[in-house]
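Down below is the structure, laid out as structure tokens.
Protein chains in written order, with the numbering used here: chain X, 2 to 323; chain R, 5 to 199.
Pasting the structure below:
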């Protein structure tokens, strides 16, 4: 498959995935399935702000969802998961838009570079651009919240993070417990918990200490921790077998976001097989750690084999999303 | 596979190097000696470990290859990574040959091979390789260099011409003694190499 074809194929799959996830989280849409995993809301926000650049309706529905459910989201964590200038602009534009519509705050002008279209299929020739996104140089038609979004069904596995946040607050403790419960009965090293929750290691250590002091998390060895599974399932009124499953969403969605952006480069189709493979190797080395942390194997074929490695990686990653 | 087994393999690596250089908007002309040059000219069939760059060619003539220019090394390292071969697959090992001078008429005899718009390789001719291989045989002892020299099937006249050139690189009496012995073993028993 040539790059442009793979790009279209991947983006369609990622948009379908995003719609299905958000539909289970309260967005005005009908989900086509029920996910068995617990979603990571902030990882999904950062991911969707990118993939929805090819689907304005999805982008605007997510903005609307955020106006209704912002209290369930940790915007600092959204920012922490943003990588590079594009993510940063999308985050800031969204933040300014929420500030304007939810808190009637003025919109600062942080524009540093030439304006560019927010949506891939649109140009910047828009008579009445949205001021919040225009402030960061992203041009799109003005958008208002519709209030059509609902709140997440806290009993759905996918919304497990929200349920824990209702219980423990929108903080590191809720993320630590989500990680430990969805990976239970295994214990986990502090470094792994930190990487997955994407909080500062100090915050994670404090959260683990306070949860240990409260008697709901136990230490196993110097840096390993586990939850009191029976106690938690009793409290949450859920069978251990019915606990949502774990996915390394920040790594998986971050890696897919990076690959999706990379594949959008129009010059890729014109490259020779060797140069395409060489540039693909650059990409694979860049995303290797993220996908391997998500349990996926990243190939290391020599010469022109790198392109095949990417195709196999995407097949495997998309299978994880199904 | 860390060795360059065939001329086609060497050409594949150099084609890739040319593409990397072109992608980086830079271009080089490399003057190459040694096993890869012999492979490219069809003069030997043994595998070689690397591509030996003796000089860089430009409008100003031949320039020292040591150290290799940074953009060339970056491109070389990318090819090494892509093909999973050692980073020194292309190196400036024989660059010191240029210091004392290449054989007269070297460049006019070199064979040109283009590897895309950004890379031209000038392969040392058979006669010049006889010069280098004789020098290496005497300098480093018998082994692959002597085997290459025999494969080149040099005539006595060619060996004597080469021998005189090698003495411009090492004029010591000790070197001359070993050189005479080498020539004898190569079938030139009456070499007159007196200064």
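All residues carry an ideal CB built from backbone N, CA and C; glycine is no exception.
Keep in mind that this is a model prediction, so the values were computed, not measured.
Asked: Please state the DSSP three-state secondary structure of residue 56 of chain R.; Found: strand
Asked: Helix, strand or coil for residue 140 of chain X per DSSP?; Found: strand
Asked: Unbroken beta strand (DSSP E) runs of length 3 or more, entirely within the segment 15-77 of chain R: which are they?; Found: 32-37, 55-62, 65-68
Asked: Are residue 284 of chain X and residue 308 of chain X touching if we call contact CB-CB under 8 Å?; Found: no
Asked: CA-CA distance, residue 196 of chain R and residue 53 of chain R?; Found: 36 Å
Asked: At a Cβ cut of 9 Å, what residues of the segment 79-98 of chain R count as close to chain X, listed as they run along the chain?; Found: 82, 83, 85, 86, 87, 88, 89
Asked: If distances are taken between C-alpha atoms only, which option among X:110, X:106, X:92, X:99 comes closest to residue 119 of chain X?; Found: X:92
Asked: Under a three-way DSSP split, which group does residue 127 of chain R fall into?; Found: strand
Asked: Establish whether the CB of residue 44 of chain R and some CB of chain X are separated by less than 8 Å.; Found: no
Asked: I'd like to know whether the C-beta of residue 23 of chain R is nearer than 8 Å to at least one C-beta of chain X.; Found: yes
Asked: From residue 25 of chain X to residue 138 of chain X, what distance separates their C-alpha atoms?; Found: 32 Å
Asked: Taking the alpha carbon of residue 22 of chain X as the point to measure from, which residue in X:123, X:287, X:108, X:161 has its own alpha carbon closest?; Found: X:161
Asked: Less than 7 Å between C-beta atoms, sequence neighbours within five positions excluded: which residues of the same chain meet that for residue 166 of chain X?; Found: 73, 175
Asked: Measure from the C-beta of residue 303 of chain X to each C-beta in chain R and report whether the shortest distance is under 8 Å.; Found: yes
Asked: Mapping the DSSP letters down to three states, classify residue 6 of chain R as helix, strand or coil.; Found: coil
Asked: Near residue 114 of chain R, which residues of its chain fall below 8 Å by C-beta distance, leaving aside the five closest residues on each side in sequence?; Found: 35, 126, 127, 128, 129, 132
Asked: Could you name the residues of chain R that residue 282 of chain X contacts, counting a contact when the two beta carbons are closer than 8 Å?; Found: 85, 86
Asked: Indicate the three-state DSSP secondary structure (helix, strand or coil) for residue 94 of chain R in the structure shown.; Found: strand
Asked: Using 10 angstroms around the beta-carbon of residue 236 of chain X, count the other beta-carbons present and answer buried if the total reaches 16, otherwise exposed.; Found: exposed
Asked: Expressed to the nearest angstrom, what Euclidean distance is found between the alpha-carbon atoms of residue 9 of chain R and residue 61 of chain X?; Found: 59 Å
Asked: I'd like to know if the segment 261-278 of chain X and the segment 219-228 of chain X are in contact, where contact means that at least 3 CB-CB pairs between them fall below 8 Å.; Found: no
Asked: Please tell me whether residue 247 of chain X has its Cβ less than 8 Å away from any Cβ of chain R.; Found: no
Asked: Who are the near neighbours of residue 127 of chain X in its chain, counting only those whose CB is closer than 6 Å to its CB and skipping five residues on each side?; Found: 140, 142
Asked: Among the candidates X:318, X:322, X:122, X:255, whose CA atom is the shortest distance from the CA of residue 56 of chain X?; Found: X:122
Asked: Less than 8 Å between the CB atoms is what I'm expecting for residue 65 of chain X and residue 147 of chain X, so what's the real figure, rounded?; Found: 5 Å
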